[in-house]
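Below you'll find the structure, written out as structure tokens, and then a few comments.
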Amino acid sequence: MRIWLLKDGELLPTDGKDVRLLRMGLLANELSRRGHQVIWWTSTLNHFKKEFRVACDKDMRVDSNYLVKLLHGPGYQKNISFQRIFHNRVIAKRFLQAAQEEERPDIVLASLPTIEFALAATQYGKQYNVPVILDLRDMWPDIFVDIMPKFLRIFARIALEWQFHAMYDACKNATALFGISQGFLNWGLQYAARERGLFDAVYPLAYPDTLLDRSVVDELSQFWRQQGIYKNKNDFILVYAGSLVSSHRINSVIETVKFLGNDVKLVIAGQGPLLAEYQRLSQDCPNIIFTGWIDKLKLLSLLKMCTVGVANSSHSGQRRDCVMSVSNKVAEYFSAGLPVITNLPITSELGKKISENRCGFCYRENDGNSLIRIIEELKNNHQLLEAMSVNARILYESEFVAEKIYANMCDHLEKIATKV
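Residue numbers (our numbering): 5 to 424.
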């Protein structure tokens, strides 16, 4: 079948060697492996680096039946900005123009965000009678209202009215909705104003089960040792792997590690607008190490040397998307057998997972000693730490293996394409 994928803001297989592909990239690989003709529509902007890949529209061939179509837009420097809204609108409009020149697909899968891309996909599908599935991954535009002070929410709702209308139109005109959790699917169905249908489904964010060669492990271990990262028997190493952005602040973790001193290390693997702030907070604290952005193999080897993964949210009590989902980084941690520490409440999707499966802890931001107590308990109780590590890997194998999740997703897309 011919399938179009619409997703802006992910790393692409053409971005370099050992690229850490996310949901759409992993799904595209599986579809291509099965022999389907895949076109991935995205923009020329690398969302993570805020740099343009190229300065004009360009087709990038991945293999004989897999093409990435880059649409050039104005770009943006801040994730939440009018500049980004304008970029999203331009890319959606340019997609609708460019799509007229392409052979019609059998099915379209569009990720949300962005709202503009999702709406454009359903407009195309309606015009040409092509089934369109929306993959709900962030609760736009609701979250932009959620994070506002209560007295400002009504004004934010009014200002974003056009985005809410776009969401209603996109969800109502979609053939089916996929959600990264049941909560996300329910949210989309509310916009669609209908009950769950035959083709609606839940597919959590997942991570590939990758085994590193012994020679690669040895080489990368030497690389990390040169960076001051190595694991002795009694070392306790926290790791945060992800973008350094305001929606996932780790200030409380940095302050805790500074307080605990050299008994605990914190490795911060990523880059973003908060890097300079975190570096200032970590001055004169050699047990906090910044790696910058690292490729897939380096990240895999790093996680294997760490003890616990950190998964924080800056709006843990406000943002429904944080409460209702388990992120990519958590699936990564579980794949490496890392228990997870989070400031999300125990009633959240992640909180329930780590509590029910005994593979992590939730700490309270407003209790300065909460995180300290958790770290010291894990550091001093090797039996508990080992049990939680085993449980994390078991949970990964049962719910978050990308090869299983995205194979099932492909099966489902094939079924929809043949029955609609």
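Just so you know, even glycine gets a beta-carbon here, dropped at the ideal spot from N, CA and C.
8 Å contact criterion, which residue i and residue j should meet: CB distance rounded
| i | j | result |
| --- | --- | --- |
| residue 189 | residue 140 | 7 Å |
| residue 51 | residue 20 | Residue 51 to residue 20, Cβ: 15 Å. No contact. |
| residue 293 | residue 261 | Not a contact, Cβ separation roughly 10 Å. |
| residue 350 | residue 366 | 5 Å |
| residue 303 | residue 24 | 6 Å |
| residue 187 | residue 243 | Residue 187 to residue 243, Cβ: 27 Å. No contact. |
| residue 334 | residue 315 | 5 Å |
| residue 150 | residue 323 | 5 Å |
| residue 362 | residue 395 | 5 Å |
| residue 364 | residue 346 | 7 Å |
| residue 399 | residue 357 | 7 Å |
| residue 182 | residue 205 | 5 Å |
DSSP beta-bridge partners of residue i
| i | result |
| --- | --- |
| residue 419 | The partner list for residue 419 (beta bridge, DSSP) is empty, contrary to what the question assumes. |
| residue 8 | 43 and 112 |
| residue 211 | 405 |
| residue 67 | 70 |
| residue 180 | 137 |
| residue 294 | 272 |
| residue 55 | 50 |
| residue 216 | Its beta-bridge partners do not exist; DSSP assigns none. |
| residue 364 | 344 |
| residue 382 | BP columns for residue 382 are empty, so no partner. |
Cβ neighbour criterion (16 or more within 10 Å) applied to residue i
| i | result |
| --- | --- |
| residue 386 | exposed |
| residue 22 | exposed |
| residue 223 | exposed |
| residue 384 | exposed |
| residue 78 | exposed |
| residue 253 | buried |
| residue 75 | buried |
| residue 106 | exposed |
| residue 208 | buried |
| residue 7 | buried |
| residue 195 | buried |
| residue 99 | buried |
Own chain residues within Cβ distance below 7 Å of residue i, not counting five before or after
| i | result |
| --- | --- |
| residue 250 | 278 and 318 |
| residue 405 | 210 and 213 |
| residue 157 | 149 |
| residue 26 | 14, 15 and 332 |
Cutoff 6 Å; reference residue i; Cβ partners in own chain excluding five residues on either side
| i | result |
| --- | --- |
| residue 152 | 160 |
| residue 142 | 117 and 325 |
| residue 93 | 120 |
| residue 2 | Past the edges of the chain, shown from 5 to 424, lies residue 2, and the structure says nothing about it. |
| residue 269 | 241 and 291 |
| residue 174 | 122, 123 and 126 |
| residue 70 | 36 and 42 |
| residue 170 | 119 and 123 |
Chain-order list of residues whose beta-carbon lies under 8 Å from that of residue i (same chain, five-residue window excluded)
| i | result |
| --- | --- |
| residue 420 | 111, 135, 137, 179, 180 and 203 |
| residue 177 | 126, 127, 129, 130 and 136 |
| residue 37 | none |
| residue 96 | 118, 120, 121, 123 and 124 |
| residue 301 | 22, 216, 220 and 224 |
CA-to-CA distance, residue j to residue i, given in whole angstroms
| i | j | result |
| --- | --- | --- |
| residue 31 | residue 225 | 30 Å |
| residue 397 | residue 309 | 15 Å |
| residue 80 | residue 276 | 14 Å |
| residue 166 | residue 123 | 12 Å |
| residue 61 | residue 280 | 34 Å |
| residue 184 | residue 307 | 24 Å |
| residue 85 | residue 238 | 45 Å |
| residue 295 | residue 247 | 12 Å |
| residue 330 | residue 90 | 29 Å |
| residue 418 | residue 219 | 39 Å |
| residue 231 | residue 45 | 38 Å |
| residue 407 | residue 336 | 13 Å |
| residue 412 | residue 288 | 49 Å |
| residue 11 | residue 28 | 7 Å |
| residue 245 | residue 340 | 13 Å |
| residue 403 | residue 342 | 15 Å |
| residue 57 | residue 109 | 26 Å |
| residue 88 | residue 9 | 21 Å |
Check: residue i C-beta below 7 Å from any heavy atom of the ligand MN
| i | result |
| --- | --- |
| residue 167 | This structure does not include the ligand MN; it has no bound ligands of any sort. |
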